[in-house]
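Everything in the sequence shown is counted per this note's numbering, starting at 5 for the first residue and increasing by one. A virtual CB, placed ideally from N, CA and C, is assigned to each residue, including glycine.
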Amino acid sequence: MPDFEIKAALLQTVRQQYELAAPPLSSAPVQQKLDHLLQSIGAPIDLAGFYFVSHTLARILLPTVPGFSSELHIDAPLRDALGTDMSNMLSKKAMKAYKKTSPTLGWAENHPLYYLLFLASGLKSSADDNAFLTVFVVQYLRCKHTLEAPELQTTKTLTGEVCRAFRQIQHKQQILINVEQISSKIERWEAGDIAWALQQLLDENQLNKDFRKTLRFLICFFSNKWKEPVRRGPTGPQRRKRSGGGGRSVVRPDQGLIDSETLPPLTETVEESVVEVDVEILRSHYSTDIDEAPEQEPSDKLSIGAVFDAEKRQLAEINITRHLRQQNNATLSNKQLLSAGSIRLIKHLAERFFSRNSENEAALAIYCMFSTSMPLSQLLPIQLTRQHDNELDSIVVTDSNCYWRLKHRRSSKALQRQPDYLYHCDQWALTPCSALLEQYCRTRVAAGADTLFSREEAQLTRQLEKLLQRTTEKLKANYISATQLQHFLPRFAEANTAVDPIVLDFSYQQDIFATRVSRSYVNLTTAQRVDMLNRLWREVGKYAHDDTTTAFFQPQPVTESTGGRVGSAFVPTADFCRQFIFALQSRLRQAKPASTLSLAAIVNYHNAYIRYVSWMLNFGSGYRAVYNPLPTFAMHNPEDGVLVVSDKDDGEFSNSRIVILPGLLNMQIIHLRSHLVRLAELLALFAPALYKTVNQILGYEKQLRTMNAESTKQWFLAMRNAKDATGPLFHINTELVARAVSPAWLKHNSTEQGTVPANMGRHWLKTALITAGVDSELINFQLGHWNEGQSPLFEYSSISINECVRELAPQIEQLMAEQGWLAWKSDLL
Numbered sequence: 005m006p007d008f009e010i011k012a013a014l015l016q017t018v019r020q021q022y023e024l025a026a027p028p029l030s031s032a033p034v035q036q037k038l039d040h041l042l043q044s045i046g047a048p049i050d051l052a053g054f055y056f057v058s059h060t061l062a063r064i065l066l067p068t069v070p071g072f073s074s075e076l077h078i079d080a081p082l083r084d085a086l087g088t089d090m091s092n093m094l095s096k097k098a099m100k101a102y103k104k105t106s107p108t109l110g111w112a113e114n115h116p117l118y119y120l121l122f123l124a125s126g127l128k129s130s131a132d133d134n135a136f137l138t139v140f141v142v143q144y145l146r147c148k149h150t151l152e153a154p155e156l157q158t159t160k161t162l163t164g165e166v167c168r169a170f171r172q173i174q175h176k177q178q179i180l181i182n183v184e185q186i187s188s189k190i191e192r193w194e195a196g197d198i199a200w201a202l203q204q205l206l207d208e209n210q211l212n213k214d215f216r217k218t219l220r221f222l223i224c225f226f227s228n229k230w231k232e233p234v235r236r237g238p239t240g241p242q243r244r245k246r247s248g249g250g251g252r253s254v255v256r257p258d259q260g261l262i263d264s265e266t267l268p269p270l271t272e273t274v275e276e277s278v279v280e281v282d283v284e285i286l287r288s289h290y291s292t293d294i295d296e297a298p299e300q301e302p303s304d305k306l307s308i309g310a311v312f313d314a315e316k317r318q319l320a321e322i323n324i325t326r327h328l329r330q331q332n333n334a335t336l337s338n339k340q341l342l343s344a345g346s347i348r349l350i351k352h353l354a355e356r357f358f359s360r361n362s363e364n365e366a367a368l369a370i371y372c373m374f375s376t377s378m379p380l381s382q383l384l385p386i387q388l389t390r391q392h393d394n395e396l397d398s399i400v401v402t403d404s405n406c407y408w409r410l411k412h413r414r415s416s417k418a419l420q421r422q423p424d425y426l427y428h429c430d431q432w433a434l435t436p437c438s439a440l441l442e443q444y445c446r447t448r449v450a451a452g453a454d455t456l457f458s459r460e461e462a463q464l465t466r467q468l469e470k471l472l473q474r475t476t477e478k479l480k481a482n483y484i485s486a487t488q489l490q491h492f493l494p495r496f497a498e499a500n501t502a503v504d505p506i507v508l509d510f511s512y513q514q515d516i517f518a519t520r521v522s523r524s525y526v527n528l529t530t531a532q533r534v535d536m537l538n539r540l541w542r543e544v545g546k547y548a549h550d551d552t553t554t555a556f557f558q559p560q561p562v563t564e565s566t567g568g569r570v571g572s573a574f575v576p577t578a579d580f581c582r583q584f585i586f587a588l589q590s591r592l593r594q595a596k597p598a599s600t601l602s603l604a605a606i607v608n609y610h611n612a613y614i615r616y617v618s619w620m621l622n623f624g625s626g627y628r629a630v631y632n633p634l635p636t637f638a639m640h641n642p643e644d645g646v647l648v649v650s651d652k653d654d655g656e657f658s659n660s661r662i663v664i665l666p667g668l669l670n671m672q673i674i675h676l677r678s679h680l681v682r683l684a685e686l687l688a689l690f691a692p693a694l695y696k697t698v699n700q701i702l703g704y705e706k707q708l709r710t711m712n713a714e715s716t717k718q719w720f721l722a723m724r725n726a727k728d729a730t731g732p733l734f735h736i737n738t739e740l741v742a743r744a745v746s747p748a749w750l751k752h753n754s755t756e757q758g759t760v761p762a763n764m765g766r767h768w769l770k771t772a773l774i775t776a777g778v779d780s781e782l783i784n785f786q787l788g789h790w791n792e793g794q795s796p797l798f799e800y801s802s803i804s805i806n807e808c809v810r811e812l813a814p815q816i817e818q819l820m821a822e823q824g825w826l827a828w829k830s831d832l833l
C-alpha cells in the first residue's frame, strides 16, 4: 500500500546513507531515529507530500541556529537522506502521493508543523528567512507540551494558530514587514532575541489591527509566555438555565483510522515470549480491517469529504455570487422579464374583463398584480370605502376621486417634532387608480361590496393559474407565472433605468430589495410620483410596441385631495436650502479679515470658509457627513472633475467609489488648496505649531507618491474617517489645535435654527436628481447605492467614468446654481 511504501523507501534510503558514511556508521537505531523525526514534525501516516517536507528540512538545517539537529535527532546521513529524491523507488501510485502538490483537508489543524513545512516553498526564502523558520521549528518542538496544554486551547488548537500566524507573516506576497527589519537587531538567532526584536518592530511601526494581533501572537510564542484565554460564560437569560449535568458527550463507534491520523511508532514485540492469545490481542489492537468501513465516494453529497471539499465549497460560493450578480443586473433581455407579446396578452385579458363585465376575478387579479406589483396576499384584504380616515389599507372612492390609500412604511424613526425647514412625511401614501380600475370600483361600491375581491386566496390563485395556462396554450404564447406578473415592474424599472423603482416602493408600499436604501433618502409628492409612474408606463408601452398600453395602466391625474408627501423626513425644503446657503455666504463676508491681520481674525475666517466648503461638498457630491471627509488632495482629480470617496467602507475598500464633481464644486476644491497654502504662510508668523500641522496636511499628496501600494493602503486605513487625524477639511478650536471636520461640528451653529441634520445635503441630492428625471443608474453611481455586482469599479463593469461626468456634472451644477452655490475664492489670498 502507498501508505507504508513511502516510509519503507525512506527507511531504505536512510540505511543506505549510513552505509555510505565514512567511516560507516551503525544503522541499528535508524528505525527509532526516523520514527522520532516523523512524530516530532507531526507527519500523517501516509506521508503524502513528504517530498516537499523533506527538502524543506534539508534546506533549513543551518549551523547558525543551535539545537535544531539535536531536537530532531538528525545527523549527517539522515540529513543527506532527506535531500534524496525517492521517486525511482516508488510505484506510480505511491510516487503520486509522495509528490502531492496540494494539502490534505485537516492538515492545518491536525498536522500544523507538517503543513507549514509542506508550504515552505510559498514562504520567503532568503538566508535570514531560513534562519527565522529554523528557530520557529526549534521553539515549536521545545514548547510543544506548553502549546498543547488543555487550559490554553480555545475553539482552535494553539499549535495550529501559531503555525498559521507564522505563515501569514512570512508569505511571499506579504510586503508590510520583512525579516531584514529585525535581523540587524538580533545578535544570535534564538527565540528570546527574536521575541524582543518583534516587540521593537511592533512599537516602531503603525500597522493595522489584524497584523498587530498576529505579531503579538508570535511574540508570546517566541517568549513562551501565554495567558489563559478568558472563558465567556452564559449571559442574560442563559444564566437561568438548568445548571449541572456537564456538556453532552457523543459516543461514536470505532470507524477505523483516516489517512491524516498520526500513529505512534509500534515497538517490536518478541512473540516467542508472549502467549498466543496475547499476540492476537496485540495484533487486533494495532490493525484495522479497511473492508469493514469503506470510504465514501467523493461524489456522495453526504460524505464528509464532499461536505468539506475546498474546491466544491469554492465553486458553490462562486455560483451563488454569480447568481446574485445576475439578479442585481437585470437587462431588457432578461428571461425573468415578461416579453412584449406577454404584456399585450395581459392587456388583452384585462380589456376583455372590463369590457364584458366578466365575473372572472382572476383577470382582475392579473391586472392589479401587473399594474401595482402587489401579491394576492396584499390585494385581498384591501377595503373599498368612501371614508378618508379608514385605518386599513384601502381604495377610497369619492365623488371626484378614486385612489389607493396605503400605510406608508417609514425606513427610519419619525422625528418627534418635524421642523418647518424639512419636508414632512405623511402616514398614508395616496396614489390615483387607473381609469379602468376606477370605473370597476365605483360599480362594485354601488353594489354594496366592501372589498376588491370576493374569493379566497387559494381559490383565486388556482383560477389565475388556470386562466394563464389555458390562454397561453391556446395562443401558443410563452407561459406567464404569477411571480413574473408581480415582479415585472420593479425588474423592468431597474433594467430600463429611466425611472427609479422607488416610485413603486412609495406608491404601492412594496418591499423591493433594490430600493431598501433609496427609501431612506427620497421624499416625493404625489404629483411627482404620478409623473414618474406615467413615464414608466410610457417606457413599458415602447417595450411592448403598443402605445395604448400606457393609457390602459397609468394612474389618473392628481387632484387637490390626493396631494401629500411620503419618504425621508430629512430632506430640506427648497426655500430653506436657498436661505441656508445665503447664511453661509453672509458669514464668510462678515468674517473677512481687515487689512491688518490678526490671528483671531484668520482663525475665524478659516472656520467659516471650511464650514462653507464642507456643506458644499455634502450637497454637491452626496458625501456622507463623516470625520475627516477629505484625507488628502490626492483624492481629487481636477482635470477630470472627479473625487475618490471612501465615506462608508471596510478594510478592503469594497465600497469605495468615484463621485462626479460639478464645475462649481471642482473649482471650490481648487480654491481650498490655495486657501490652505496661504493659511500656512500666515500661521508661520502667528502660530508656528499650527503652521507645521497645515504644512504636513499639504505634504500628504507628495508623501503618498513615494509609497508602495501596501503602505498607501495602510495610510488610508489610518487616516480615513479618523477622529484624531486631520485632512484638508479641518477647523481650528479655541486652543489653536486643528481638528478634523466632524458631523457634530458641521451641524451645530450652521444656521439660526440651531442643529440641522448632518446628511441633509445627501438627502437633498438624491431627491433632486430623481425628481429631475436623471437616469437611476447615474444616481446610484453618484451616491454609492448599488448591490452586489453593480459596482462601477468592478472588474467587468461597462460604465464609462468620462461619460458619467459628461452627463451628470451639468445636471448637478444646474441644481446647485438654482440654490445659490458659488465657487468662493478665499479672502485670505
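{"Check": "Sequence-distant residues of the same chain with beta carbon closer than 6 Å to residue 737, five excluded per side", "Outcome": "743"}
{"Check": "Under the three-state DSSP convention, the category residue 814 falls into", "Outcome": "helix"}
{"Check": "Length of the line joining the Cα atoms of residue 425 and residue 761", "Outcome": "11 Å"}
{"Check": "Min CB distance residue 341 to chain D below 7 Å", "Outcome": "In summary, chain D is missing from the structure at hand, where a single protein chain is found."}
{"Check": "Where the beta strand (DSSP E) through residue 520 begins and ends", "Outcome": "Counting along the chain, residue 520 falls outside any beta strand (DSSP E), and DSSP gives it neither H nor E."}
{"Check": "Which residues DSSP lists as bridging residue 465, in chain order", "Outcome": "In the DSSP output, where bridge partners are listed per residue, residue 465 has none listed."}
{"Check": "Reduced DSSP category for residue 22 - H, G, I as helix; E, B as strand; rest coil", "Outcome": "helix"}
{"Check": "Nearest to residue 752 (by Cα), restricted to the options 514, 172 and 615", "Outcome": "615"}
{"Check": "Residue 406 beta carbon less than 7 Å from that of residue 442", "Outcome": "yes"}
{"Check": "Those residues which DSSP pairs with residue 55 across a bridge", "Outcome": "According to DSSP, residue 55 bridges with nothing at all."}
{"Check": "Own chain, CB closer than 6 Å to residue 134, minus 5 neighbours either side, in chain order", "Outcome": "64"}
{"Check": "Residue burial classification, residue 535 (beta-carbon count within 10 angstroms, cutoff 16)", "Outcome": "buried"}
{"Check": "Alpha helix (DSSP H) segment containing residue 525, residue limits", "Outcome": "No alpha helix (DSSP H) contains residue 525, which DSSP labels as neither H nor E."}
{"Check": "Beta-carbon proximity list for residue 458, same chain, < 8 Å, skipping 5 on both sides", "Outcome": "365"}
{"Check": "Close-in-space but distant-in-sequence residues of the same chain around residue 375 (CB under 6 Å, 5 per side omitted)", "Outcome": "557"}
{"Check": "Those residues which DSSP pairs with residue 411 across a bridge", "Outcome": "432"}
{"Check": "Cα-Cα separation, residue 496 to residue 390", "Outcome": "34 Å"}
{"Check": "Counted within 10 angstroms of its Cβ, other Cβ atoms place residue 33 as buried (16 or more) or exposed", "Outcome": "exposed"}
{"Check": "Neighbourhood of residue 167 by C-beta, 7 Å cutoff - its chain only, sequence neighbours within 5 removed", "Outcome": "116, 117, 119 and 120"}
{"Check": "Exposure label - residue 530; buried when at least 16 CB within 10 Å", "Outcome": "buried"}
{"Check": "Pairwise C-alpha distance: residue 775 and residue 815", "Outcome": "12 Å"}
{"Check": "Euclidean distance between Cα positions of residue 607 and residue 706", "Outcome": "26 Å"}
{"Check": "Environment of residue 466 [buried if 16+ CB atoms lie within 10 Å]", "Outcome": "exposed"}
{"Check": "Same chain, Cβ closer than 8 Å to residue 394, five either side skipped, listed in chain order", "Outcome": "387, 400 and 409"}
{"Check": "Segment contact, 8 Å Cβ cut-off, at least three pairs: the region 802 to 816 with the region 664 to 675", "Outcome": "yes"}
{"Check": "C-beta contact flag for residue 682 and residue 833 at 7 Å", "Outcome": "yes"}
{"Check": "For residue 87, three-class secondary structure by DSSP", "Outcome": "coil"}
{"Check": "Three CB pairs or more closer than 8 Å across the region 617 to 627 and the region 682 to 697", "Outcome": "no"}
{"Check": "Own chain, CB closer than 8 Å to residue 171, minus 5 neighbours either side, in chain order", "Outcome": "120, 123 and 127"}
{"Check": "Coil, strand or helix - residue 174 by DSSP", "Outcome": "helix"}
{"Check": "Residue 398, enclosing beta strand (DSSP E) - first and last residue", "Outcome": "398 to 401"}
{"Check": "Close Cβ partners of residue 224 (< 6 Å) along its chain, the five nearest in sequence each way excluded", "Outcome": "230"}
{"Check": "Other residues of its chain near residue 413: CB distance less than 7 Å, five sequence neighbours each side excluded", "Outcome": "513"}
{"Check": "Per-residue burial, residue 746 [other beta carbons within 10 Å of its own, 16 or more giving buried]", "Outcome": "buried"}
{"Check": "Cβ-based neighbour list, residue 265, same chain, cut-off 8 Å, excluding 5 preceding and 5 following", "Outcome": "Its pLDDT being 40, under 50, residue 265 is placed unreliably by the model, and nothing is read from it."}
{"Check": "Cβ pair count under 8 Å reaching 3, the region 723 to 733 against the region 621 to 635", "Outcome": "yes"}
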